[in-house]
Amino acid sequence: RKEVEQDPGPFNVPEGATVAFNCTYSNSASQSFFWYRQDCRKEPKLLMSVYSSGNEDGRFTAQLNRASQYISLLIRDSKLSDSATYLCVAATNAGKSTFGDGTTLTVKP
Amino acid sequence: GAGVSQSPSNKVTEKGKDVELRCDPISGHTALYWYRQSLGQGLEFLIYFQGNSAPDKSGLPSDRFSAERTGGSVSTLTIQRTQQEDSAVYLCASSLGLAGGTTLPGTQYFGPGTRLLVL
Chain Y
28 RKEVEQDPGP FNVPEGATVA FNCTYSNSAS QSFFWYRQDC RKEPKLLMSV YSSGNEDGRF
88 TAQLNRASQY ISLLIRDSKL SDSATYLCVA ATNAGKSTFG DGTTLTVKP
Chain B
3 GAGVSQSPSN KVTEKGKDVE LRCDPISGHT ALYWYRQSLG QGLEFLIYFQ GNSAPDKSGL
63 PSDRFSAERT GGSVSTLTIQ RTQQEDSAVY LCASSLGLAG GTTLPGTQYF GPGTRLLVL
């Protein structure tokens, strides 16, 4: 079993749809959590950090449930430009980061 | 300011040859990571440097792989006797790590990667 697991998708949604991605982690020592976005043939870039209280950045909302070791990302009002692969990351206090394999999103007109 | 840079951007080599990949992290970042990504796959952790601590080498796939970080800055990933299955994009990332009094690892900034093809 992988240390960070994501539904690989692909998720194909129309513009304007709301889509949610889920991620689970197995290392209970994980303390920091992030969502990264990776476009085709590009390097990953930070989308947002994930805090216990949940956090929102425009159309994006991230949630963390430490008891269930579960992280989520919600995208509202999807845009064509949201098409990408979304990577879930769990990191320990020692700095070791583990990436999920990613969930692919395609937003269609 | 300058981001993470990697060189070369592309490398084609013959099976059995050695290759060296270079990473220049963001100035002041104490943490440096190497990952490997095969086509259509996720990121595979290779090695992690944090300040002057011993590196976490737990992700290196074989003893043909090694990495150094000189002076806490530039890092070199060396692959000896390359095999065709080593073909992938090798990504380097840096972060502030645990510096500056923080207790949690920070955002990783990735370089553009080196695309390695072993023929």
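Going down the list, the protein sequences come from chains Y and B. Under this note's numbering, the letters of the first sequence match residues 28 to 136, in that order. Under this note's numbering, the letters of the second sequence match residues 3 to 121, in that order. Each residue gets a CB set at the ideal place from its N, CA and C atoms; glycine is no exception. A quick note: this is a predicted structure, and the numbers were derived from the prediction, not measured.
Can you look up residue 109 (chain Y) in the DSSP assignment and give me helix, strand or coil?
By 1-based counting over the first sequence, the position of residue 109 (chain Y) is 82. DSSP places residue 109 (chain Y) in helix when its eight states are reduced to three.
Spell out whether any CB of chain Y is found under 8 Å from the CB atom of residue 45 (chain B).
To locate residue 45 (chain B), count along the second sequence from 1; it is residue 43. Judged by the 8 Å Cβ criterion, residue 45 (chain B) is in contact with chain Y.
Partners in chain Y for residue 114 (chain B), counting only beta-carbon separations shorter than 9 Å
Within the second sequence, numbered from 1, the residue matching residue 114 (chain B) stands at position 112. Going along chain Y in sequence order, the residues near residue 114 (chain B) (Cβ under 9 Å) are 69, 70.
Apply the 10 Å Cβ neighbour rule to residue 71 (chain Y) and answer buried if 16 or more other Cβ atoms are within range, or exposed otherwise.
Stepping through the first sequence from its first residue, residue 71 (chain Y) is reached at position 44. Buried, because 16 or more other Cβ atoms sit within 10 Å of the Cβ of residue 71 (chain Y).
Beta carbons nearer than 8 Å to chain Y: which residues of the stretch 17-36 of chain B have them?
33, 35
Cutting at 7 Å between CB atoms, please list the residues of its own chain near residue 86 (chain B), excluding the five before and the five after it.
To locate residue 86 (chain B), count along the second sequence from 1; it is residue 84. So the qualifying residues of the chain are 17, 120.
Give a yes or no on whether the minimum CB-CB distance between residue 92 (chain B) and chain Y is below 8 Å.
As a working mapping, residue 92 (chain B) is identified with position 90 in the second sequence. So, not an interface residue.
Determine, using beta carbons only, whether residue 74 (chain Y) comes closer than 8 Å to chain B.
As a working note, residue 74 (chain Y) is residue 47 in the first sequence. No, residue 74 (chain Y) lies away from the interface with chain B (no Cβ there is under 8 Å from its Cβ).
Measure the alpha-carbon distance for residue 15 (chain B) versus residue 42 (chain Y) and round it to whole angstroms.
Numbered from 1 along the second sequence, position 13 holds the residue referred to as residue 15 (chain B). Numbered from 1 along the first sequence, position 15 holds the residue referred to as residue 42 (chain Y). The straight-line gap from Cα to Cα measures roughly 43 Å.
Have a look at residue 33 (chain B) and residue 59 (chain Y) and give me their C-alpha separation to the nearest angstrom.
The residue you call residue 33 (chain B) lines up with position 31 of the second sequence. The residue you call residue 59 (chain Y) lines up with position 32 of the first sequence. If you draw a straight line from the Cα of residue 33 (chain B) to the Cα of residue 59 (chain Y), it comes to about 15 Å.
Answer with buried or exposed for residue 43 (chain B), where buried requires no fewer than 16 other C-beta atoms within 10 angstroms of its C-beta.
Numbered from its first residue, the second sequence carries residue 43 (chain B) at position 41. When all chains shown are included, residue 43 (chain B) counts as exposed.
Mind pulling the chain B residues with CB within less than 9 Å of residue 126 (chain Y)?
Position 99 of the first sequence, counted from the start, is the residue given in the question as residue 126 (chain Y). Per Cβ cutoff of 9 Å: 37, 44, 45, 46, 47.
Which runs of the beta strand (DSSP E), 3 residues or longer, sit entirely within the stretch 43-98 of chain Y?
46-52, 57-65, 72-77, 82-84, 87-92
So, is the C-beta of residue 36 (chain Y) closer than 8 Å to a C-beta in chain B?
Residue numbering aside, residue 36 (chain Y) sits at position 9 when the first sequence is read from its first letter. No, because no Cβ of chain B sits closer than 8 Å to the Cβ of residue 36 (chain Y).
Residues near residue 54 (chain B) in its chain [Cβ-Cβ closer than 8 Å; skip 5 each side]:
Locating residue 54 (chain B) in the second sequence gives position 52, where the first residue counts as 1. Hits under 8 Å: 74.
Please identify the residue among Y:120, Y:47, Y:119 whose C-alpha is closest to the C-alpha of residue 90 (chain Y).
As a working note, residue 90 (chain Y) is residue 63 in the first sequence. The shortest Cα separation from residue 90 (chain Y) among Y:120, Y:47, Y:119 belongs to Y:47.
C-beta neighbour in chain B for residue 81 (chain Y), strict 8 Å:
Here residue 81 (chain Y) refers to the residue found at position 54 when the first sequence is read from its first residue. Closer than 8 Å: no.
Which residues of chain B have a Cβ atom closer than 7 Å to the Cβ of residue 43 (chain Y), listed in chain order?
Mapped onto the first sequence, residue 43 (chain Y) falls at position 16. Correct list: empty, because the minimum Cβ distance to chain B is about 28 Å.
Other residues of its chain near residue 57 (chain Y): CB distance less than 7 Å, five sequence neighbours each side excluded
One-based indexing of the first sequence puts residue 57 (chain Y) at position 30. Closer than 7 Å at Cβ, skipping near neighbours: 117, 118, 119.
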